[in-house]
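Student: My structure is below; once you've seen it, I'll send some questions.
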Ligand SMILES: Nc1ncnc2c1ncn2[C@@H]1O[C@H](COP(=O)(O)OP(=O)(O)O)[C@@H](O)[C@H]1O
Ligand SMILES: [Mg+2]
């Protein structure tokens, strides 16, 4: 069974904006899935339909086998959502925000308190349970949004640009936290602009452009579509290039070489030749974000 199954989904907003034009999207159970796309591409509209904030024009949507038209409550119960903007009351206490949310799903007060304790401890907000939401830092507010989204144990957690405008440290914290939730069995669907995020965390992804899916593949397979990779190699000491010359390296500074690898298998060959020439490698990493190149190419091809 898939966590999310969307077929031929259309949405035309009042006024005539065609936000979705026949979207097909499948998110397998247990997946960590990224929905990528520029501003206005239709990401939030899809999330809105999945979480019943937006009514679709037509199309078929299932969440864990529950059709949102015929089995609305069961579908809604499976979904936890973390909207992009903070939308809790800034004047409520942290614990109350989470406990009240549980109430919307029919969880009794005693159980809700117990669940809130578990989840607030897990996101590191237990010490802040009696603080008013507005006194939390930005990072804490984000974690509160996640805690609230998880309180009814949804099978799939949907996050709309969870790391937009979030600083680097906090972004890495969030990644670690989302990975843990996913490892424990929760399917994750997120929208993002950050391709680094997709490459690091996601198993599958789709790219939406002007209301249509233009790419739907595993991140691993997408990356193999790249004809070449540029690696940045840091060496202890720069020597004459010797056998490494066959790779046409570009010397960046006295410790750094940029080397283009045509096929990923050649990396072995490169390392052997570097070692043979006497280079001591202190660092080696792909230069720039590899998905970014592909993303731009795919969007261009669908112009
Ligand atoms: N409530 C609305 N009424 C009219 N048009 C809307 C509404 N919400 C979104 N749109 C339009 O639908 C398109 C898709 O928007 P959205 O789903 O928010 O994209 P994204 O989340 O990818 O930035 C955009 O052209 C946007 O202006
Ligand atoms: Mg959006």
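In my numbering, the protein residues as written are 253 to 555.
Just so it is clear, CB atoms sit at the ideal spot from N, CA and C, and this is done for glycine as well.
So, does the stretch 310–325 touch the stretch 482–498, judging by three or more C-beta pairs under 8 Å?
Tutor: Touching, no, given that fewer than three Cβ pairs across the two stretches are closer than 8 Å.
Student: For the alpha helix (DSSP H) containing residue 556, name the first residue and the last one.
Tutor: Absent from the structure is residue 556, since the part of the chain shown begins at 253 and ends at 555.
Student: Residue 343 and residue 386 look like a contact to me (Cβ under 8 Å); what is the Cβ gap, rounded to whole Å?
Tutor: Locating residue 343 in the chain shown gives position 91, counting from the first residue. Locating residue 386 in the chain shown gives position 134, counting from the first residue. About 7 Å; that satisfies the 8 Å criterion.
Student: Does the distance from the C-beta atom of residue 281 to that of residue 439 stay below 8 Å?
Tutor: Position 29 of the chain shown, counting from 1, holds the residue named residue 281. Position 187 of the chain shown, counting from 1, holds the residue named residue 439. Taking 8 Å as the Cβ cut-off, residue 281 and residue 439 qualify as a contacting pair.
Student: Where do the N-terminal and C-terminal ends of the alpha helix (DSSP H) with residue 512 fall, by residue?
Tutor: Within the chain shown, numbered from 1, the residue matching residue 512 stands at position 260. Run containing residue 512: none in the alpha helix (DSSP H); it sits in the beta strand (DSSP E), 508–513.
Student: Shorter than 7 Å, the distance from the beta carbon of residue 291 to the closest heavy atom of ligand 1, or not?
Tutor: Within the chain shown, numbered from 1, the residue matching residue 291 stands at position 39. Yes, since a heavy atom of ligand 1 falls inside the 7 Å radius drawn around the Cβ of residue 291.
Student: Note down, in chain order, each residue of its chain lying with its Cβ closer than 7 Å to the Cβ of residue 496, except the 5 sequence neighbours on either side.
Tutor: Start at 1 with the first residue of the chain shown, and residue 496 comes out as number 244. For residue 496, where only same-chain residues beyond five positions count, the Cβ hits under 7 Å are 525, 526, 529.
Student: Hey, how far is the Cα of residue 447 from the Cα of residue 541?
Tutor: The sequence position of residue 447 within the chain shown is 195, counting from 1. The sequence position of residue 541 within the chain shown is 289, counting from 1. Their backbone Cα atoms lie some 7 Å apart in a straight line.
Student: What first and last residue would you give for the alpha helix (DSSP H) that runs through residue 399?
Tutor: Your numbering for residue 399 matches position 147 in the chain shown. Where residue 399 is concerned, the enclosing alpha helix (DSSP H) stretches over 390–402.
Student: Would you kindly work out how many angstroms separate the C-alpha atoms of residue 432 and residue 330, rounded to a whole number?
Tutor: For the purposes of this step, residue 432 is taken as residue 180 along the chain shown, with counting starting at 1. For the purposes of this step, residue 330 is taken as residue 78 along the chain shown, with counting starting at 1. Computed Cα separation, rounded: 19 Å.
Student: By how many angstroms is the C-alpha of residue 293 removed from the C-alpha of residue 425?
Tutor: As a position in the chain shown, residue 425 is number 173, starting the count at 1. As a position in the chain shown, residue 293 is number 41, starting the count at 1. Roughly 28 Å between the two C-alpha positions.
Student: Can residue 458 and residue 277 be called in contact, C-beta distance under 8 Å?
Tutor: Residue numbering aside, residue 458 sits at position 206 when the chain shown is read from its first letter. Residue numbering aside, residue 277 sits at position 25 when the chain shown is read from its first letter. Yes. Within cutoff.
Student: Rounded to a whole number of angstroms, what is the C-alpha to C-alpha distance between residue 365 and residue 315?
Tutor: Stepping through the chain shown from its first residue, residue 365 is reached at position 113. Stepping through the chain shown from its first residue, residue 315 is reached at position 63. Rounded to whole angstroms, residue 365 to residue 315 spans 28 Å at the Cα level.
Student: Please state whether DSSP places residue 276 in a helix, a strand or coil.
Tutor: Within the chain shown, numbered from 1, the residue matching residue 276 stands at position 24. Looking at residue 276 - three-state DSSP - the assignment turns out to be strand.
Student: Just mark residue 255 as buried or exposed, buried being the case when its beta carbon has 16 or more other beta carbons within 10 Å.
Tutor: Taking the chain shown and counting its residues from 1, the one referred to as residue 255 is at position 3. Buried, by the Cβ-count rule.
Student: Exposed or buried, residue 370, counting other C-beta atoms within 10 Å across all chains shown (16 or more means buried)?
Tutor: The count along the chain shown starts at 1 and reaches residue 370 at position 118. Classification of residue 370: exposed, given that the 10 Å Cβ count is below 16.
Student: For the putative contact between residue 410 and residue 333, defined by C-beta atoms under 8 Å, what is the C-beta separation to the nearest angstrom?
Tutor: The sequence position of residue 410 within the chain shown is 158, counting from 1. The sequence position of residue 333 within the chain shown is 81, counting from 1. Yes, residue 410 and residue 333 are in contact; Cβ-Cβ is about 5 Å, under 8 Å.
Student: Could you tell me if the beta carbon of residue 415 falls within a distance shorter than 7 Å of some heavy atom in ligand 2?
Tutor: The residue labelled residue 415 in the question sits at position 163 within the chain shown. Incorrect: residue 415 has no Cβ contact closer than 7 Å to ligand 2.
Student: Would you mind working out which of 550, 510, 553 sits nearest residue 537, comparing C-alpha positions?
Tutor: For the purposes of this step, residue 537 is taken as residue 285 along the chain shown, with counting starting at 1. Of 550, 510, 553, the residue nearest in Cα terms is 510.
Student: Taking all protein chains shown into account, decide if residue 490 is buried (16 or more other Cβ within 10 angstroms of its Cβ) or exposed.
Tutor: Here residue 490 refers to the residue found at position 238 of the chain shown. By the neighbour-count rule (16 or more Cβ atoms within 10 Å), residue 490 is not buried but exposed.
Student: Going by other Cβ atoms of all chains shown within 10 Å of its Cβ, with 16 needed for buried, is residue 308 buried or exposed?
Tutor: Position 56 of the chain shown, counting from 1, holds the residue named residue 308. With 16 or more other Cβ atoms within 10 Å, it is buried.
Student: Could you give the residue range of the beta strand (DSSP E) that holds residue 310?
Tutor: Here residue 310 corresponds to residue number 58 of the chain shown, with the count starting at 1. Per DSSP, residue 310 belongs to the beta strand (DSSP E) from 310–315.
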